[in-house]
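**Student:** One structure coming up, written as structure tokens, with questions to follow.
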Amino acid sequence: GENVEQHPSTLSVQEGDSAVIKCTYSDSASNYFPWYKQELGKGPQLIIDIRSNVGEKKDQRIAVTLNKTAKHFSLHITETQPEDSAVYFCAASRRGRGADGLTFGKGTHLIIQP
Amino acid sequence: NAGVTQTPKFQVLKTGQSMTLQCAQDMNHEYMSWYRQDPGMGLRLIHYSVGAGITDQGEVPNGYNVSRSTTEDFPLRLLSAAPSQTSVYFCASSMDGVNTEAFFGQGTRLTVV
Numbered sequence: 001g002e003n004v005e006q007h008p009s010t011l012s013v014q015e016g017d018s019a020v021i022k023c024t025y026s027d028s029a030s031n032y033f034p035w036y037k038q039e040l041g042k043g044p045q046l047i048i049d050i051r052s053n054v055g056e057k058k059d060q061r062i063a064v065t066l067n068k069t070a071k072h073f074s075l076h077i078t079e080t081q082p083e084d085s086a087v088y089f090c091a092a093s094r095r096g097r098g099a100d101g102l103t104f105g106k107g108t109h110l111i112i113q114p
Numbered sequence: 115n116a117g118v119t120q121t122p123k124f125q126v127l128k129t130g131q132s133m134t135l136q137c138a139q140d141m142n143h144e145y146m147s148w149y150r151q152d153p154g155m156g157l158r159l160i161h162y163s164v165g166a167g168i169t170d171q172g173e174v175p176n177g178y179n180v181s182r183s184t185t186e187d188f189p190l191r192l193l194s195a196a197p198s199q200t201s202v203y204f205c206a207s208s209m210d211g212v213n214t215e216a217f218f219g220q221g222t223r224l225t226v227v
């Protein structure tokens with residue numbers, strides 16, 4: 001089955017700096033790569049996703065890049081703000097799988113230092 | 115628009131007790147699933163359903179049962195709770211296998227003593 005590795009487990013950055021979280025996956029059939037943000041006491045919430053026919057996607061301060069050959073994808077947050085502090089999870093799934101088929105990384109605790 | 119609703123939010127069980135975690139969605143989504151979240155482990159898939167009357171096992175199904183009699187509801191049953199089932203449980207839904215964005219509930223924190 002799919003295996004998703006996520007690094008780092010904890011990331012501390014100064015407010016206003018950029019943060020990068022990296023994930024690798026093992027199953028070459030995976031073609032959907034979402035990123036979730038989880039705030040304390042809440043469920044994960046989708047912040048951005050990318051499909052395997054796209055190399056990069058941006059949404060304001062957030063961007064995701066995908067390298068299919070190397071089987072890795074990354075989340076980039078620019079101009080970090082205190083409200084970006086949370087746990088971030090990457091995930092991967094195959095074509096035809098939705099909420100039933102996500103394989104998650106172990107999460108990155110992002111800390112924004114004032 | 116409630117989205118995905120889980121009840122209860124917190125539960126303490128004694129070893130050997132049984133209980134049902136409830137999950138309901140009002141988005142007419144076909145796909146629903148249950149994940150458990152443990153410290154340092156991410157989220158792991160327990161059971162899933164791709165439509166009413168259809169269920170299947172995920173990565174960690176032992177000790178859990180599910181059924182899907184309606185599109186809206188997907189309850190998770192613990193038949194005989196064990197301390198190893200202490201975890202936070204999340205229910206998720208997505209429209210189908212093409213529109214794959216998954217929406218998660220707020221979670222149920224379960225402690226088995």
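If you read the protein sequences in the order shown, they are chains A and B. Note that the working numbering numbers the first sequence so that position 20 is 20, with each residue one more than the last. Add 114 to a position in the second sequence, counting from 1, and you land on the number used in the working numbering. A virtual CB, placed ideally from N, CA and C, is assigned to each residue, including glycine.
1) What are the complete beta strand (DSSP E) segments, minimum 3 residues, inside the region 148 to 183 of chain B?
2) From A92(A) to A138(B), what distance separates their C-alpha atoms?
3) Quick check on this structure: which residue in S132(B), D152(B), D187(B), D140(B) has the alpha carbon closest to the alpha carbon of T200(B)?
4) My output table needs one value for D49(A): the three-state DSSP class, helix, strand or coil.
5) Is it right to say L224(B) is buried, meaning 16 or more other beta carbons lie within 10 angstroms of its own, or is it exposed?
6) Taking C-beta pairs closer than 7 Å, name the residues in chain A that M146(B) reaches, listed in chain order.
7) So, using beta-carbon positions, are Y32(A) and T214(B) closer together than 8 Å?
8) According to DSSP, T121(B) sits in a beta bridge with which residue or residues?
9) Using Cβ-Cβ distances below 8 Å, what residues of the region 45 to 59 of chain A are close to chain B?
10) Note down, in chain order, each residue of its chain lying with its Cβ closer than 6 Å to the Cβ of K152(A), except the 5 sequence neighbours on either side.
11) Among residues of its own chain, excluding the 5 on either side of L75(A), which ones have a beta-carbon nearer than 6 Å to its beta-carbon?
**Tutor:** In short, the structure shows the following:
1) Correct list: 156 to 165, 168 to 171, 178 to 180.
2) So the alpha carbons of these two residues sit roughly 24 Å apart.
3) For the residues S132(B), D152(B), D187(B), D140(B), the minimum Cα distance to T200(B) belongs to D152(B).
4) Correct three-state label for D49(A): strand.
5) Classification for L224(B): buried.
6) What M146(B) touches in chain A: A99.
7) It is a contact, given that the beta carbons lie within the stated cut-off.
8) In DSSP, T121(B) forms a bridge with Q136(B).
9) So the list reads Q45, L46, D49, given in the order they occur along the chain.
10) With chain A covering 1 to 114 only, the question about residue 152(A) has no answer from this structure.
11) Once the five neighbours on either side are set aside, the close Cβ partners of L75(A) are I21, W35, V64.
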